[in-house]
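S.K.: What follows is a structure written as structure tokens; I'll ask about it next.
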Amino acid sequence: MTPLVQKIKNKVQPPLWVFKWWNRNKEQFVCPVCDYHGAFRDMNSFAGVRLHAKCPRCGALERHRLQYFVVMELFKRVDVSKLKMLHFAPENFFRRLFQPRVGKYETADLCMKGVDHKVDLQNLPFDDASYDLIFASHVLEHVPDDQKAIREIRRVLRPNGLAVLPVPVVCEKTVEYPEANPNEAYHMRAPGVDYFDKYKKHFSRVEVHASESLPEQFQLFIYENRSVWPTRECPLRPPMSGEKHLDFVPVCYA
């Protein structure tokens, strides 16, 4: 399936009431973000079909729902109204969540329009200890020198600062690509469950929150048949058994 066909299939959807009626016999879930009750939409991607992926009301995906839980729990423990935050590759979904809550909110990306800072994560122009909180979701798998980027994130964090740095864990062990794969959204690597060891070299503590740690009614797993890998789109990804996989959110403490 071409990227254009994927986008069309994902976007052409019936009205919500029609979707709910048509899928009334499908497994039902609850979206923690918008409190929708009902079936979730399946998604088409370069890696295949992901079942029960998207909330049909607010658009939250599996990773968004898990990250939402983790972030909201952090916000309960920390007075973020006084913190300065930097949000890389800002998703509108999280921009609306963060901006009214934090003391000072800034966005950054190398290519996106409408951000406060057009910067390379591998070479940030900010002074040491400039931010209290950094959020970069599904960013580091695109960065050529991710080790350098992680060092830069740690450098610009203030003492006791936090960095939330999820990546898509799609292998048992991380696979580094020789070059960016355009069929795979220009990923430079396929992160494995060992990827978070890279954070432990630079942060005093790394907490990893997994899908299984929260109620299944919110559907925080990745339903994806990875046994078919490698494919033309994902030629370097090794196969993984099963069709229900954990997702993870690492919280790194400076």
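Each residue of the sequence shown is one higher than the last, beginning at 24 in the numbering used here.
Heads up, the beta-carbon is just placed ideally off N, CA and C, and yes, glycines get one too.
Here the structure is a predicted model, which means the values were calculated and not measured.
1) Tell me G82's beta-bridge partners as DSSP assigns them.
2) Contact between the stretch 127-147 and the stretch 84-96: three or more CB pairs below 8 angstroms?
3) Is the beta carbon of F69 closer than 8 angstroms to that of E256?
4) Helix, strand or coil: which one does DSSP assign to E256?
5) Quick check on F149: does DSSP put it in helix, strand or coil?
6) Please report how far the alpha carbon of T25 lies from the alpha carbon of D150, in whole angstroms.
7) Decide yes or no for the touch test of the stretch 172-188 against the stretch 144-163: beta carbon pairs closer than 8 angstroms, at least 3 of them.
8) Distance check for N48 and N115, CA to CA, integer angstroms please.
9) Whose C-alpha, out of R64, L74, G71 and R80, is nearest the C-alpha of D58?
10) Helix or strand or just coil, what does DSSP make of M135?
11) From the DSSP output, in three-state form, read off F69 for me.
12) For the 8 angstroms Cβ check, are there 3 or more pairs between the stretch 239-258 and the stretch 206-216?
13) Figure out for me which residue from K267, V138 and L180 has the closest Cα to the Cα of H225.
14) Do V231 and A213 count as a contact pair if the criterion is CB distance below 8 angstroms?
15) Would you mind stating whether V229 and E195 have Cβ atoms separated by less than 8 angstroms?
16) What is the rounded straight-line gap between the Cα of L27 and the Cα of P37?
17) Is DSSP giving V28 helix, strand or coil here?
18) Measure the Cβ-Cβ separation of V166 and M211 and say whether it is below 8 angstroms.
19) Is it right to say E175 is buried, meaning 16 or more other beta carbons lie within 10 angstroms of its own, or is it exposed?
20) Starting from E175, trace the alpha helix (DSSP H) both ways and give me its first and last residue.
21) Any chance the CB of I173 is under 7 angstroms from a heavy atom of the ligand NAP?
M.R.: This is what the structure holds:
1) Answer is none; G82 lacks a bridge partner.
2) No: fewer than three Cβ pairs fall under 8 angstroms.
3) The answer is yes: Cβ separation under 8 angstroms.
4) E256: coil per DSSP, three-state reduction.
5) Reduced to three states, the DSSP call for F149 is coil.
6) Unreliable placement is indicated for T25, whose pLDDT of 49 sits below 50; the coordinate value is still reported in the next sentence. Rounded to the nearest whole angstrom, the CA to CA distance from T25 to D150 is 43 angstroms.
7) As far as the Cβ criterion goes, the stretch 172-188 touches the stretch 144-163, which means the pair count is three or higher.
8) In a straight line, the C-alpha of N115 is about 32 angstroms away from that of N48.
9) The option with the nearest alpha carbon to D58 is R80.
10) Three-state DSSP puts M135 in coil, outside helix and strand.
11) In the structure shown, F69 sits in coil (DSSP, three-state: anything other than H, G, I, E or B).
12) Three or more Cβ pairs closer than 8 angstroms define a contact, and the stretch 239-258 meets that threshold against the stretch 206-216.
13) Ranking K267, V138 and L180 by CA distance to the CA of H225 puts L180 first.
14) Here A213 is not near V231, since their CB atoms are 8 angstroms or more apart.
15) Going by C-beta atoms, V229 is not nearer than 8 angstroms to E195.
16) Because the pLDDT of L27 is 47, which lies under 50, any placement of that residue in the model is unreliable, and the number read from its coordinates should be weighed accordingly. Within the model, the alpha-carbon separation for L27 versus P37 is close to 19 angstroms.
17) Confidence at V28 is low in this model, with a pLDDT of 47, below 50, so its placement is unreliable and the value that follows should be read with caution. Helix at V28.
18) It is a contact, given that the beta carbons lie within the stated cut-off.
19) Classification for E175: buried.
20) E175: member of the alpha helix (DSSP H) spanning D169 to V179, first to last residue.
21) The ligand content of the structure shown is nil, which means the ligand NAP is not present either.
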